[in-house]
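Asks: What follows is a single structure, and I will ask about it in a moment.
2 protein chains.
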Amino acid sequence: MEPILYAIPALGLAALLYTWIRSAWVAKQPAGNERMSSIARHIADGAMAFLKAEYKVLAYFVIIASVFLAYLGFTGEKSHPLIVGAFIVGAVFSATAGFIGMRIATKANVRTAEAARTSLSKALNVSFAGGSVMGMGVAGLAVLGLGSLFILFYYMFVLSVGGDVKGVEMEIALEVLTGFSLGAESIALFARVGGGIYTKAADVGADLVGKVEAGIPEDDPRNPATIADNVGDNVGDVAGMGADLFGSYVATILATMVLGREVEAIDDFGGLSPIILPMLTAGLGIVFSLIGMLFVRVSEGGDVQAALNRGNWISVILTAVASYFIIQWLLPENLILRNFEFTNDGVFMAVIVGLVVGALMSIITEYYTAMGKKPVNSIVQQSSTGHATNIIAGLAVGMHSTVMPIIVLAAGIVLSYAAAGLYGVAIAAAGMMATTAMQLAIDAFGPIADNAGGIAEMSELPKEVRGRTDILDAVGNTTAATGKGFAIASAALTSLALFAAFVGIAGIPTIDLYKAPVLAGLFIGAMIPFIFSALAISAVGRAAMAMVHEVRRQFREIPGIMEGTGQPEYEKCVAISTKAAIREMMLPGAIALIVPLVVGFGLKGVFPDTSSAEVLGGLLAGVTVSGVLMAMFQSNAGGAWDNAKKSFEKGVMINGVMEYKGSEPHKASVTGDTVGDPFKDTSGPSMNILIKLMSIVSLVIAPHIALEREPAIPEAPIDLDVINIEDEKLSPETGNAQINYDNTVVLSHIAQK
Amino acid sequence: MEPILYAIPALGLAALLYTWIRSAWVAKQPAGNERMSSIARHIADGAMAFLKAEYKVLAYFVIIASVFLAYLGFTGEKSHPLIVGAFIVGAVFSATAGFIGMRIATKANVRTAEAARTSLSKALNVSFAGGSVMGMGVAGLAVLGLGSLFILFYYMFVLSVGGDVKGVEMEIALEVLTGFSLGAESIALFARVGGGIYTKAADVGADLVGKVEAGIPEDDPRNPATIADNVGDNVGDVAGMGADLFGSYVATILATMVLGREVEAIDDFGGLSPIILPMLTAGLGIVFSLIGMLFVRVSEGGDVQAALNRGNWISVILTAVASYFIIQWLLPENLILRNFEFTNDGVFMAVIVGLVVGALMSIITEYYTAMGKKPVNSIVQQSSTGHATNIIAGLAVGMHSTVMPIIVLAAGIVLSYAAAGLYGVAIAAAGMMATTAMQLAIDAFGPIADNAGGIAEMSELPKEVRGRTDILDAVGNTTAATGKGFAIASAALTSLALFAAFVGIAGIPTIDLYKAPVLAGLFIGAMIPFIFSALAISAVGRAAMAMVHEVRRQFREIPGIMEGTGQPEYEKCVAISTKAAIREMMLPGAIALIVPLVVGFGLKGVFPDTSSAEVLGGLLAGVTVSGVLMAMFQSNAGGAWDNAKKSFEKGVMINGVMEYKGSEPHKASVTGDTVGDPFKDTSGPSMNILIKLMSIVSLVIAPHIALEREPAIPEAPIDLDVINIEDEKLSPETGNAQINYDNTVVLSHIAQK
């Protein structure tokens, strides 16, 4: 066993150690007065109640999926029942990542509120520490899980039987490891969709009755849905996002490893190195994320966004530099993958392409969703003619916002492929994801600050406290938007890497759109993000309506509730969100899991010239391309509507008149924001997991639907004894040798060795 | 020259003769009192002013495009400068079709209003006669144009030089004929987009200030935008729809002809027959549409929808039956296209598949957009919690509505391919489009009735007149929705047929998604419908805002306008819509035309293993799949919102309470309807033309970007003199002969001759 392999789980353990220490530090911070603790406890209890309910349902899912996987494992030639073990570990680790995030977020929120009584700097410290725990926890679990399982399977399937690190033995080892990614991603899907429905049902419901009908401010303790709303921030934005990035991180590394097995060195021994490179890069990313985190500090009145950017860039640049040396050290100079030759410098270039694509995606997303920029302003202006024109403007911004990211992504695909073939596309994604710990820390601090603001409001803390948390929250909104751009880009590249890995394992030489069943697969695939989004947003609509009716009932029936003397029944609203989220996440989740199975197994042998694997390839391409577009459209429209509404808080100039909160145009902008809520926090971000999960399911079943590779040219078994060379001539058109044996066989192609 | 060929333009001329007679009949009907005539004149003048302005701009476009085409025609090997002639004829015919439709619609509207004073039956007669003129005009022009140009080019390029009807001479003849389709489709794009922007800018603007702000009813003569609104019905729903279907009709026939050239008979002489079959089918469709039209009659109090359905089914079934005999007569029994063998029965099966797909698409579309059905009811219910939930519900319905049509379409692709290969896919589209004359008559009668209602309202005719036109209008709304389903299905199949034709002419053996540039092309292509939609709907938003400001200004500045004593300046509003439509149609039109050129020519030779034609193929697949989805999503969401709003007119039960017009939920439903307006009448239907036009542009440039077919395996030119056979052995794995020549070359593949 190569000693460097042990470094990988060691780095994962180190990250978890950091998580533990930092978590203890957060727990030691003061948790505020009795009122604050009580509210925080309500939120924490609600969040844990949801997690418990969700994990209970998911436990059943894991059992059913395990039975199916075991069946596959026992029957497939290139498979093994141990995939069940990897799957369960992946699912448990993903659930643990969500749990760690939720746990720390529900501790850090009230402590951030308390810290904000003192200073902005302290409040940032506490909230960002919470985010760091989440980030390091996710990255640590991923690297620990992947690294140790790889060591185990490498030993079992390859070393112990003296197998080839490039051969079928390693193929089986990696195929079994895919179970880990499948487990991670399926939990992520349910967490993202369930969390997304939960948070927006509560948010939309609370806003519609509270802000619009009763005219009370956000986070007002008289609103029975307000606790559910704050719980939602945790289950959706923290646990959901954590599970999402955990899944992407694992899937990207895994896809690169699968492709890495096929990478051969031309003139040198490559061996294991292309397989372990992505894991090592991820390990390095943990180290440099940790260093970057040290630079996230701000003094009172300082620029929080700048502090976060500084930390982020430090970790990204250090990781890029380190990856250069590690690539030079690990990889031989000349490599080849499926007839495409490239160099180790090319691999480094691909990493850089990935980092640039990730950065550009974030910048573009910010442009389309930031206050004061043209897109958001156009929505503000069109709010002046009513609700409808506000909606039209937002939809147009969302659609428009797909242009530049798609061009960047397409360029990224072409360039990373040119640099290092399909391995380049995969390693670009891996490079982009290397600093996931840092990205997630930045992402997760936002909802913590948001929650802190809610607690400050509900506990009636002094105005300057809410002012400080609002500064953090505003930055959090921007990082949430840019984080979504990053998440989409990474999901797109990850899916393409998985797609390439799938093609290899399924043994299909092309995915030819010219074939009718493949084209039909492309159509069906592209439709799936639409039905998935429809289910997600209508689930939010229905659950929000139920919430509205419940809140109206409480306002009507509980005496003294509006005067603050009657106690609202918070737990009833929490229960509505929980129940709706659990119930409504089933169908979209089932679609993502079952469609690849139906196509892969159901169409096996149905079409004479087209394997079911090729149809599935077309389907995956359709899901990916339409999923990426729908993700951008919905997330960016939602972000832009949100900030258009926020623009009214400071006042905006429309047709020469300043308009503020409470004006007619502002009311129109609230409608847009409400429509945007499920777009940006439920259906939009779910697209990422949808496209990844469908790719992973396909990868898992790939060995079972693989056809024996048909030779490109039909073979004619001939009896060499009867061959008599009669004639030799050079074909006049092609310059090929054409040799007639006994007038029966023509050798029409000559390949150089 | 085969005599049957002359039958084709003759059938076209017969249709035009019918158009002329029927048009004269409409003109002879009484046009009502002075007030009615005056309003009708305003509308007709506005419509003609728009057409004039539009055609002026398009004339410049035709000149520029002609220069480019002439350049291509003079330089390409498989091209000819005569394509310019075909292009101009196509453009002129398309413009003429729009003109005929607009002319008859602006005559029939006031006469329908006058007829409605007598009876429903008479009103249906007049309005449906108007629609028939439009339908027959479009079909007649298409068949006349295609048929006579084909005879001309067939004579010039094939017969006069003794060329082969299956050879390169016919390839050139058909390539030149493509110019006709290009001309038709480019005019259609501008007409659809321009008309769509015009009608919705006026409609949304008129509604926002009139209905919502001033509280006056629709079509109130005091509203300065009301004439523009009624003009819009004509330029959008009549001229735009006519040009759209003219384009689809021509493109479908043409694509089938191009593929038909490659169809060979296995054991018999097929010759010209697969090429002329689609034209003959279209000709038959004209005859049977005419017969179907005779059955569209209704007595007072009768069921208008049933009368239209009866006429439609008669023409569809007769055409299907006739196509069986014509296929048996024309085609030999066994056929082959690009290695796919099929029979003439298979071709007939493909026609039936096309007819079934078209019918199912209409039925599904009706389900998702009809009053009283679950989807529309869900929007009605969610209007109770405000504007935002109404919007969320409508978006969810739109996304949801893509599922069944896509499954039907995918099944249609697979089945028609299985029946008759790529020729089957094309002929399925041609079969579906055969009764275009009837379809269009049903489609165009709706806006005529809508306009008649507007005229009745503005002329303050008795209530029962408006009641009768409302019955027609309600049926018109349904036929508009189902017509859109039909138009999308036909556009999708047409694009696939064009796609197949493109692949053949460009000479690319596969469109392999596994290649990075092709995948990048797929992403870029799929993004185009998003930017196109964004431009179209934001154009409507902007123009509607301008309209709102103008109407507000007139309400403020013209004394006595609200009392009906001051005269509104209708022409100012007409001018705003006209200017906006002309200006805003440019950019989306340019995108559709230029992107294929940039990809096809710009990327020629850029990628070592991937031709620009293959990248363009990926791009077209992306445009088609995403365009079809966006068309369904937007059209159906818009239709559903519209009918959710209309549901309130009769009253709806929400949470046990009856809600009517003017209630809060109704106001929310008006917002949805307004958002849906540009969705269903501007961007949604433009998708059809977008995907067709991009496919046709690609087909036109295909011979110029075609690469010589690369052999599947790299060739190694060898000097046979130095070859010494040293060794012969059979490869143990493959059974292939492996012969080492001088240890340098291995013959690894043996192909049977």
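Line by line, the protein sequences are chains A and B. Take the first sequence: its letter number 211 is residue 1620 in the working numbering, and every next letter is one higher. Take the second sequence: its letter number 462 is residue 1871 in the working numbering, and every next letter is one higher. The beta-carbon is built from N, C-alpha and C at its ideal position, and this holds for glycine as well. Keep in mind that this is a model prediction, so the values were computed, not measured.
Just the C-alpha distance for A/Val1567 and A/Gly2036, rounded to the nearest angstrom, thanks.
Replies: So the two alpha carbons sit approximately 37 angstroms from each other.
Asks: Using the C-alpha atoms, what's the distance from A/Gly1499 back to A/Gly1588?
Replies: Distance between the alpha carbons of A/Gly1588 and A/Gly1499 is about 7 angstroms.
Asks: Would you verify that the beta carbon of B/Gln1438 is, or is not, closer than 9 angstroms to some beta carbon of chain A?
Replies: Closer than 9 angstroms: no.
Asks: Name, going along the chain, the residues of the stretch 1793 to 1811 of chain B whose beta-carbon falls closer than 7 angstroms to a beta-carbon of chain A.
Replies: So the list reads Thr1794, Gly1795, His1796, Ala1797, Thr1798, Ile1800, Ile1801, Ala1802, Leu1804, Ala1805, Met1808, His1809, Thr1811, given in the order they occur along the chain.
Asks: Using a Cβ-Cβ cut-off of less than 7 angstroms, list which residues of the stretch 2080 to 2092 of chain A approach chain B; keep chain order.
Replies: Answer in chain order: Thr2080, Thr2083, Val2084, Pro2087.
Asks: If I'm right that B/Ala1538 touches B/Arg1431 with Cβ under 8 angstroms, what's the distance once you round it to whole angstroms?
Replies: At roughly 6 angstroms, the Cβ-Cβ gap stays under 8 angstroms, so B/Ala1538 and B/Arg1431 are in contact.
Asks: Would you give the residue range spanned by the alpha helix (DSSP H) that A/Val2079 belongs to?
Replies: Per DSSP, A/Val2079 belongs to the alpha helix (DSSP H) from 2073 to 2087.
Asks: Report yes or no: is there a C-beta of chain B within less than 9 angstroms of the C-beta of A/Leu1426?
Replies: Output row for A/Leu1426: interface = no.
Asks: If you draw a straight line from the C-alpha of B/Asn1639 to the C-alpha of B/Ala1514, how long is it?
Replies: The alpha-carbon atoms of B/Asn1639 and B/Ala1514 are separated by roughly 11 angstroms.
Asks: Leaving aside the five residues before and after B/Phe1757 along the sequence, list all residues of the same chain whose C-beta is less than 7 angstroms from its C-beta, in chain order.
Replies: So the qualifying residues of the chain are Ser1732, Tyr1733, Ile1736.
Asks: When you compare the CB of A/Ala1615 with every CB in chain B, is at least one pair closer than 9 angstroms?
Replies: Not an interface residue.
Asks: From A/Met1770 to A/Asp1882, what distance separates their C-alpha atoms?
Replies: Distance between the alpha carbons of A/Met1770 and A/Asp1882 is about 22 angstroms.
Asks: Considering Cα atoms alone, identify which of A/Lys1872, A/Leu1529, A/Ser2020 is closest to A/Ile1917.
Replies: When only C-alpha atoms are compared, the closest one is A/Ser2020.
Asks: Is any beta-carbon of chain A found at less than 9 angstroms from that of B/Met1936?
Replies: B/Met1936 counts as touching chain A.
Asks: Just to confirm, are A/Met1579 and A/Asp1573 a CB contact at a threshold of 9 angstroms?
Replies: Contact: yes.
Asks: Quick check on A/Pro1997 - is its C-beta less than 9 angstroms from some C-beta in chain B?
Replies: Cβ-Cβ to chain B under 9 angstroms: no for A/Pro1997.
Asks: Got a sec: is the Cβ-Cβ distance from A/Leu1907 to anything in chain B below 9 angstroms?
Replies: No - not a single Cβ of chain B is within 9 angstroms of the one on A/Leu1907.
Asks: If you draw a straight line from the alpha carbon of A/Ala1989 to that of B/Asn1860, how long is it in whole angstroms?
Replies: Distance between the alpha carbons of A/Ala1989 and B/Asn1860 is about 46 angstroms.
Asks: Which value, in whole angstroms, describes the spacing of the CA atoms of A/Ala1424 and A/Ala1551?
Replies: When rounded, the distance between both Cα atoms is 10 angstroms.
Asks: Taking a cut of 7 angstroms between CB atoms, which residues from the stretch 1909 to 1943 of chain B lie near chain A?
Replies: Within the stretch 1909 to 1943 of chain B, the qualifying residues are Val1912, Thr1919, Ile1920, Asp1921, Leu1922, Tyr1923, Ala1925, Pro1926, Leu1928, Ala1929, Leu1931, Phe1932, Ile1933, Ala1935, Met1936, Phe1939, Ile1940, Ser1942, Ala1943.
Asks: Chain A partners of B/Val1957, CB-CB under 7 angstroms?
Replies: Here the neighbours are Thr1794.
Asks: Decide if B/Val2015 is buried, meaning its Cβ has at least 16 other Cβ atoms within 10 Å, or exposed.
Replies: B/Val2015 is exposed by the Cβ-count criterion.
Asks: Measure the C-alpha to C-alpha separation of B/Asp2018 and A/Ala1716 and round it to an integer number of angstroms.
Replies: Going by the C-alpha atoms only, they are around 46 angstroms apart.
Asks: Where does A/Ile2127 fall in DSSP's three states?
Replies: Residue placement at A/Ile2127 is poorly supported in this model, since its pLDDT is 40, which falls under 50; the coordinates still yield a value, given next. Of the three classes helix, strand and coil, the one that applies to A/Ile2127 here is coil, per DSSP.
Asks: Anything in the stretch 2029 to 2055 of chain B with a Cβ closer than 8 angstroms to a Cβ of chain A? List those residues in chain order, please.
Replies: Taking 8 angstroms as the Cβ-Cβ cut-off against chain A, the residues of the stretch 2029 to 2055 of chain B that qualify are Ala2030, Gly2031, Val2034, Ser2035, Val2037, Leu2038, Phe2042.
Asks: Buried or exposed for A/Pro1938, going by 16 or more other Cβ atoms inside 10 Å?
Replies: Classification of A/Pro1938: buried, given that the 10 Å Cβ count is 16 or more.
Asks: What does the Cβ neighbour count give for A/Phe1854, buried or exposed, with the cut at 16 atoms within 10 Å?
Replies: Buried, since its Cβ has 16 or more Cβ neighbours within 10 Å.
Asks: How would you call B/Ile1857, buried or exposed, if buried means at least 16 neighbouring beta carbons within 10 angstroms?
Replies: Classification for B/Ile1857: buried.
Asks: I want to verify the contact list: residues of chain A whose CB lies under 7 angstroms from the CB of B/Gln1963, in sequence order.
Replies: What B/Gln1963 touches in chain A: nothing, since even the nearest Cβ is about 16 angstroms away.
Asks: Given this structure, state the Cα-to-Cα distance separating B/Tyr1826 from A/Leu2025, to the nearest angstrom.
Replies: Distance between the alpha carbons of B/Tyr1826 and A/Leu2025: 18 angstroms.
Asks: In the stretch 1528 to 1591 of chain A, which residue ranges form an unbroken beta strand (DSSP E) of at least 3 residues, counting only runs that do not cross its ends?
Replies: Runs found: none.
Asks: Taking the alpha-carbon positions, what's the A/Gly2065 to B/Gly1821 distance?
Replies: C-alpha separation (whole angstroms): 56 angstroms.
Asks: What do you reckon, are the CB atoms on B/Thr1919 and A/Asp1921 nearer than 9 angstroms?
Replies: Result yes, Cβ atoms of B/Thr1919 and A/Asp1921 sit closer than 9 angstroms.
Asks: Would you verify that the beta carbon of A/Pro2141 is, or is not, closer than 9 angstroms to some beta carbon of chain B?
Replies: In this predicted model, A/Pro2141 has a pLDDT of only 46, less than 50, meaning its place in the structure is not dependable enough to derive any value.
Asks: Within the same chain, show all residues whose beta-carbon is closer than 6 angstroms to that of A/Met1813, passing over the 5 residues directly before and after it, in chain order.
Replies: Here the set comprises Ile1773.
Asks: Along the chain, where does the alpha helix (DSSP H) that runs through B/Val1817 open and close?
Replies: It spans 1812 to 1842 - the alpha helix (DSSP H) in which B/Val1817 sits, taken as one unbroken run.
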